[in-house]
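Residue numbers (my numbering): 536 to 872.
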């Protein structure tokens with residue numbers, strides 16, 4: 536990956552430099568194209584856009600096993616609530632409004648974590664929920680990425696080439712979509728030889744480190760890779776079990792700086808959902824509405840979320856996600872504008 540030493544976000548009046556920098560102008564243009572082409576892509580598949588609130592009482596990364604971030608709590612007129620870390624629950628709700636197809640959105644998500652080269656406390660999230668299982672959502676994700684790559688490459692060939700000096704990664708991805716290699720988590724552990732640099736042991740489950748994700752891309756020598764069926768406690772409670780009930784019906788797409796898109800099938804059987812809440816040490820109280828919805832309107836669904844800034848990092852061959860926003864945000868700081 537080519538590294539550009541931007542670090543514009545470190546400066547107090549960073550926005551003045553952003554307005555005259557072709558890097559940020561291109562990011563703004565590509566973001567506009569992603570929004571436009573996403574609407575076209577989903578319209579053709581009868582997947583409908585929904586407008587959703589950014590506040591919620593039911594965060595999808597609660598303080599329990601399998602959550603990868605802390606919630607962002609706010610107080611609005613004396614009522615404790617949260618800024619949504621994902622719209623997945625609301626999309627599961629919305630998909631039940633439509634007879635077929637699904638529901639999607641692109642909007643901000645909020646995480647209670649520090650910014651670094653791979654993480655943003657506030658990032659742009661492209662999420663979708665459809666009727667169907669894990670294989671269906673993986674196929675949709677590959678179609679979506681291919682569609683975006685084709686449209687972006689066609690419109691911004693010159694600009695991307697000037698910045699990155701290459702286009703082969705995008706062309707390779709277009710060819711690869713539809714047949715991106717898939718391995719299970721167990722297979723990934725074996726490929727990484729259970730090296731502690733790459734595999735971390737946590738409370739009752741294992742995970743792949745950022746270095747491990749990049750190492751896997753080197754090993755398979757492909758632009759992208761799916762890792763499926765993580766240890767069940769490594770994912771949040773809403774992900775469905777695999778047949779062995781030890782692993783999850785989930786998949787992460789490793790691309791660029793690491794995991795760029797996460798997909799999964801949801802629990803739809805009430806007994807399994809309740810069991811999963813208990814296993815993950817998550818109280819049912821704040822999720823009663825979710826249980827009731829699935830009890831009255833059972834539906835097998837799956838979905839994915841893609842971080843737009845991570846996708847842009849890969850697209851522009853860059854290794855620092857903090858350079859991917861035209862308006863920067865960081866927890867614990869009042870940043871203007």
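Every residue gets a Cβ at the ideal spot worked out from N, C-alpha and C, and that includes glycine.
Spatially closest choice to residue i from the options, by CA coordinates
i, options, result
"residue 814", "701, 773 and 678", "773"
"residue 645", "656, 732, 651 and 577", "656"
"residue 749", "722, 543, 617 and 793", "793"
"residue 801", "595, 633, 559 and 721", "595"
"residue 674", "725, 730 and 761", "761"
"residue 776", "716, 668 and 676", "668"
"residue 827", "839, 689, 808 and 857", "808"
"residue 879", "854, 868 and 583", "The question about residue 879 has no answer here: the residues shown for the chain are numbered 536 through 872."
"residue 769", "816, 804 and 791", "816"
"residue 632", "833, 852 and 739", "833"
"residue 621", "689, 752 and 658", "658"
"residue 732", "723, 743, 739 and 722", "743"
Exposure of residue i, with buried meaning 16 or more beta-carbon neighbours within 10 Å
i, result
"residue 842", "buried"
"residue 538", "Unreliable positioning characterises residue 538 in this predicted model, as indicated by a pLDDT of 45, which lies under 50. The coordinate reading is nonetheless provided below. With fewer than 16 other Cβ atoms within 10 Å, it is exposed."
"residue 798", "buried"
"residue 551", "exposed"
"residue 784", "buried"
"residue 555", "exposed"
"residue 529", "Here the chain comprises residues numbered 536 to 872, so residue 529 is not present and cannot be evaluated."
"residue 562", "buried"
"residue 824", "exposed"
"residue 859", "buried"
"residue 613", "exposed"
Closer than 8 Å to chain D by CB, residue i
i, result
"residue 766", "Included in the structure is just one protein chain, with no chain D present."
Per DSSP, the bridge partner or partners of residue i
i, result
"residue 643", "659"
"residue 761", "717 and 788"
"residue 582", "637"
"residue 615", "610"
"residue 742", "735"
"residue 605", "647"
"residue 841", "661 and 796"
"residue 766", "782"
"residue 590", "618"
"residue 666", "836"
Heavy atom of the ligand GTP within 7 Å of residue i beta-carbon
i, result
"residue 678", "The ligand GTP is absent from the structure shown, which contains no ligand whatsoever."
Rounded distance between the beta-carbons of residue j and residue i, thought under 8 Å
i, j, result
"residue 687", "residue 850", "7 Å"
"residue 637", "residue 665", "3 Å"
"residue 846", "residue 782", "Between residue 782 and residue 846 the Cβ distance is about 27 Å, and since that is not below 8 Å, they are no contact."
"residue 757", "residue 716", "6 Å"
"residue 812", "residue 819", "6 Å"
Which complete beta strand (DSSP E) runs does the region 772-832 hold, if anything under 3 residues is left out? 785-790 and 793-800
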